[in-house]
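Here's the structure we're looking at; comments come further down.
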Amino acid sequence: MKVFNTLTRKKEEFVPVQEGKVGMYVCGPTVYNYIHIGNARPMIVFDTVRRYFEYKGYDVNYVSNFTDVDDKIIKKAMEEGVDASVISERFIEECKKDMEGLNVKPASIHPKATEEIGGMIQMIQTLIEKGHAYEVDGTVYFKTRSFKEYGKLSKKNIDDLEAGHRDIKVRGEEGKQDPLDFVLWKPKKEGEPAWESPWGEGRPGWHIECSEMSKKYIGDTIDIHAGGEDLIFPHHENEIAQSEACNDEPFANYWMHNAFLNIDGEKMSKSAGNFFTVREISEKYPLQVIRFFMLSAHYRSPLNFSDTLVESSKNGLERILTAIDNLKDAAASNTGTLTETDRANLEKVQELVKKYEAAMEDDFNTADAIAAIFEMVKLANITAKDGSQEYAQKLLETLEKLCDILGIITEKEEELLDADIEALIEERQAARKAKNFARADEIRNQLAEQGIILKDTREGVKWTRA
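Counting from 12, one number per residue, gives the positions in the sequence shown under this note's numbering.
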């Protein structure tokens, strides 16, 4: 199995730290709002990587954190006049709902930063003792130049970086010994959550969180560290520096990064008006279609999100699900055991399974894997009707297994009857009138998951099937 390693910029044969096991750490979201469609790409991509490892018989320890203490969380909490934990817990639950809608499996563990502060403090103390960190007035900085390999992931030269940071002292960080030193611990500000530490009350810097959580739940050296390419610098670069300086071991053997998601050819941003949450997208498209769309391109290729491309994915997914339904009918109504023709066709099926596996083992090329599935669908459409019951059943089981690796749910949901839709809309209207907005949102989401799109107008609620 070949994995493209961002660290070496080449494909390498995957060799785990422990035979038969994979320790995988994927940076999770900062939970201050609903996750956006860009967040969904790494979730889907690396869930699929995990599923393929499991298909190949590996025991996967998949760790993905929630950053539940952060400036954005604190800002939102202050705006609402609530504790920061109220915001983070609310959006952790909303994130889990969206992940379920995208058929992303729960991680082996989802550690929360606020529950791991003790380990972070210990790690910072070790870095100070080893001469890699220092404290100034309650702030602890990592001494970047003390780590000789700084820049090895991002391929940035430390002297070039310093040239771009000459203005650092006007930003109120006069205590830094070097402009490139980054924060491990920051002192408490009025109204912010804080924890006791040897340097006074405060909270950890962002980078140390992932270093500590990956160490605790996987080990000093992890097999795969993954995330979006926007995290390569400075987040992942800083993780390497502080982890390897602390543990004196390689931090991660393989680094995997997915490319950006653009909207209609442009970078997603609120100012451009093309910023969409997964929840908003679910009102327009079933999230299974979004998952299939995300896997239609190689994870290291930039992906353009547009209605035309998503519609194409919707049609493609429908072709696969229709073929599976037809196979189920054939497996239920055909008779007999394998014929010579069936055996010859099953040999073709096995060739396509090998083609699928070859694609996945070439740096998880899901686009080519999906192409192999479409070839199998074509074969099924031609041969299943006239084949034996045993043939239809074997082909069905194979196709479902390959779809499951991609997280494609092959059970078609029963379509809601018009009367059921109208009844749910009435219940939603009653919930809104009673100011039970949680229930109203729940009904809207329930309908959206089944392809029913609601539009609130002056004349009442209009609905259409996606």
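Yeah, the Cβ is synthetic: ideal placement off N, Cα and C, and Gly gets one too.
In this text the structure is predicted, and so the values were computed from the model without any measurement.
Item                                                                                                                                             : Value
Which runs of the beta strand (DSSP E) at least 3 residues long sit entirely within the region 47 to 101? Give them in chain order.              : 70 to 75
Which same chain residues end up closer than 6 Å to N264 when comparing Cβ atoms and leaving out the 5 residues on each side of it in sequence?  : D234
From the DSSP output, read off the bridge partner residues of N44.                                                                               : The partner list for N44 (beta bridge, DSSP) is empty, contrary to what the question assumes.
Could you tell me the alpha carbon to alpha carbon distance between D82 and E250, rounded to whole angstroms?                                    : 19 Å
Could you tell me the distance, in whole angstroms, from the CA atom of V56 to the CA atom of V71?                                               : 15 Å
Could you say which of Y145, L272, A342, A395 lies nearest to V360 if we only look at CA atoms?                                                  : A395
Please report the distance separating the alpha-carbon of E127 from that of L349.                                                                : 57 Å
Determine, using beta carbons only, whether V74 and V14 come nearer to each other than 9 Å.                                                      : no
Cα separation between G284 and E470?                                                                                                             : 27 Å
Is D170 buried or exposed, if buried means 16 or more other CB atoms sit within 10 Å of its CB?                                                  : exposed
Please report the distance separating the alpha-carbon of G39 from that of M110.                                                                 : 12 Å
If the criterion is Cβ atoms closer than 9 Å, does the pair A383 and L338 meet it?                                                               : no
Do you know how far the Cα of L306 is from the Cα of L272?                                                                                       : 12 Å
Does the beta-carbon distance from H268 to E240 come in below 9 Å?                                                                               : yes
Are the region 370 to 380 and the region 394 to 408 touching by the rule of at least three beta carbon pairs closer than 8 Å?                    : no
To the nearest angstrom, how far is it from the Cα of S222 to the Cα of Q253?                                                                    : 7 Å
Give a yes or no on whether 9 Å exceeds the smallest Cβ distance from K281 to chain C.                                                           : Going by chain labels, chain C is absent from the structure shown, which holds only one protein chain.
Let me know the secondary structure DSSP gives T319 once reduced to three states.                                                                : helix
Assuming K278 and V300 are in contact, meaning their beta carbons sit under 8 Å apart, how far apart are those beta carbons, in whole angstroms? : Between V300 and K278 the Cβ distance is about 23 Å, and since that is not below 8 Å, they are no contact.
Would you check if there are 3 or more beta carbon pairs closer than 8 Å linking the region 285 to 292 to the region 254 to 262?                 : no
With DSSP as the reference, please indicate the residues paired to E277 in a beta bridge.                                                        : I274
With DSSP collapsed to three states, give me the class of Y7.                                                                                    : Outside the displayed span of the chain (12 to 477) sits residue 7, for which this structure offers no information.
Exposed or buried, D192, counting other C-beta atoms within 10 Å across all chains shown (16 or more means buried)?                              : buried
With DSSP as the reference, label P215 as helix, strand or coil.                                                                                 : strand
In whole angstroms, what is the alpha-carbon distance linking G462 and W474?                                                                     : 10 Å
Roughly how many angstroms separate the alpha carbons of V28 and G34, rounded to a whole number?                                                 : 8 Å
Between which two residues does the alpha helix (DSSP H) harbouring V37 extend?                                                                  : Segment 32 to 37 is the beta strand (DSSP E) holding V37; no alpha helix (DSSP H) there.
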